[in-house]
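Here the structure is laid out as structure tokens; the discussion comes afterwards.
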Amino acid sequence: MIRDARVLRAGFVPREVEHRDAEVNHLSSVLEPITNGEPADTAIVTGPSGVGKTCVSKFVTERLREEVLDVEATYVNCWRNYSRFRTLYQILDDIGATIDIHRQSTPHDELIDRLQQYDGPRTVVILDEVDQLEDPSLIYDLHSMEQFAVICIANKEEELFSRVDDRLVSRLRSSEHVRMDKYHNEQLYDILSARTKWGLENGVITDKQLYQIADAAAGDARLAIGMLRSAASTADRENHEEITNDILLDAAEDARAQIKQKSLDSLTPHQRVVYDIVRDHGPLGPSEIHDRYTEAVDDPRTKRTVRTYLSKMAQYNLLEAEGTSRDREYSLVDSAATSPIQ
DNA sequence: GTTCCACAGGAAAATATGGAGG
DNA sequence: CCTCCATATTTTCCTGTGGAAC
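When you line the first sequence up against this note's numbering, it's residues 3 to 344, in that order.
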């Protein structure tokens, strides 16, 4: 059933990127100066989830490293490393400059100094989910160091710009922008088809089924590949020769549930109680949510904290906020809104 | 209109957590 | 075990906004 599980895993960077030639070339041209040993400009990559932002960025830097000898590359997920310290540490760690850094003995600016003094090969720094960074001034610091070529990945450029200060906005506006849109169903089919060819035995899934997945994933390649992976692993576990329509049906739901579960798992117990309240009692305003929450737990947090929870969960796409002021209500995001497999 | 009040979300102070070194 | 220190989370205090009641 499964020939090579790697190609179905999240974060896999294929040998050839389908349907992103323009974006690949665009980003390559931004990094082009590095091939002559010159500093490269900052690039910004934007687009909704599952359009291949991370994939294209990694692909381009990997190809650059094939061409040029003296280039390093580092990838930081700013969602997981959202503080200035963590992000810097991650970068230094990747370029091998963390020896003798200890949290206690190393003041903050020491990390920046260390980066500035770094005189190894030029380094491409990919900052993924950069809009999650709590202190965006880090972008400015990196931007001003010639040694580093920065690729910023974000969902929406407005959200990125609204959080950084003016001098950085004007600099970033002039830097190269790679915008990506959702895949069309045909393109998703091609992607799935390529993964199937490398990852699965022949004939375990039909073209029609691949189109069904493409249709259900609504332009999101990560979701589509997740569905394919889930279907393949179920079929494999249950010793089927091929992927049946029943398996596919479950896999589609399973892939969505997995993505949601991942966010849900990152919530604290208190946040989870708040989430459950909104889930069970429909659209509610912050006051009523807090009242019910106070009833439900032993040591309730304050209203302000619960408001922070709510906006965090809205960011994670677990909840939806409607209204801007007194009329605000929170409700569960309707995951059934995306079309299921039929 | 005007007033009122719940809300959003920033800033900063206060408190809890966690990990290293004794 | 405990202490210390940086970091993480929570609380307190706050300003600005806009819907709702008057």
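The C-beta atom is built at its ideal place from N, Cα and C for all residues, glycine as well.
First through last residue of the beta strand (DSSP E) which encompasses residue i
i, result
"residue 321", "321 to 324"
Exposure label - residue i; buried when at least 16 CB within 10 Å
i, result
"residue 245", "buried"
"residue 210", "exposed"
"residue 158", "exposed"
"residue 273", "buried"
"residue 214", "buried"
"residue 106", "The pLDDT assigned to residue 106 is 46, lower than 50, so where the model puts this residue is not dependable; a value taken from the coordinates is nonetheless given after this. Exposed, because fewer than 16 other Cβ atoms sit within 10 Å of the Cβ of residue 106."
"residue 197", "buried"
"residue 138", "buried"
"residue 221", "buried"
"residue 326", "exposed"
"residue 17", "exposed"
"residue 27", "exposed"
"residue 92", "buried"
Residues bridged to residue i [DSSP beta-bridge criterion]
i, result
"residue 125", "74, 150"
"residue 333", "322"
"residue 130", "79"
"residue 48", "156, 181"
"residue 4", "202"
"residue 170", "Residue 170 is not bridged to any residue."
"residue 225", "In the DSSP output, where bridge partners are listed per residue, residue 225 has none listed."
"residue 286", "332"
Whole-Å CB distance - residue i paired with residue j, under 8 Å assumed
i, j, result
"residue 2", "residue 42", "Only positions 3 to 344 of the chain appear in the structure, and residue 2 is not among them; the question remains open."
"residue 224", "residue 12", "7 Å"
"residue 144", "residue 132", "That belief does not hold up - the Cβ atoms of residue 144 and residue 132 are roughly 10 Å apart, past 8 Å."
"residue 320", "residue 335", "7 Å"
"residue 142", "residue 170", "5 Å"
"residue 183", "residue 19", "Between residue 19 and residue 183 the Cβ distance is about 15 Å, and since that is not below 8 Å, they are no contact."
"residue 175", "residue 49", "With 8 Å as the limit, residue 175 and residue 49 do not qualify as a contact, their Cβ atoms being about 18 Å apart."
"residue 155", "residue 120", "Residue 155 to residue 120, Cβ: 23 Å. No contact."
Residue i, DSSP secondary structure in three states
i, result
"residue 140", "helix"
"residue 230", "helix"
"residue 251", "helix"
"residue 33", "helix"
"residue 175", "helix"
"residue 19", "coil"
"residue 241", "coil"
"residue 265", "helix"
"residue 246", "coil"
"residue 327", "coil"
"residue 26", "helix"
"residue 135", "coil"
Residue range of the alpha helix (DSSP H) that includes residue i
i, result
"residue 277", "271 to 282"
"residue 62", "55 to 69"
"residue 89", "86 to 96"
"residue 312", "305 to 317"
"residue 215", "209 to 219"
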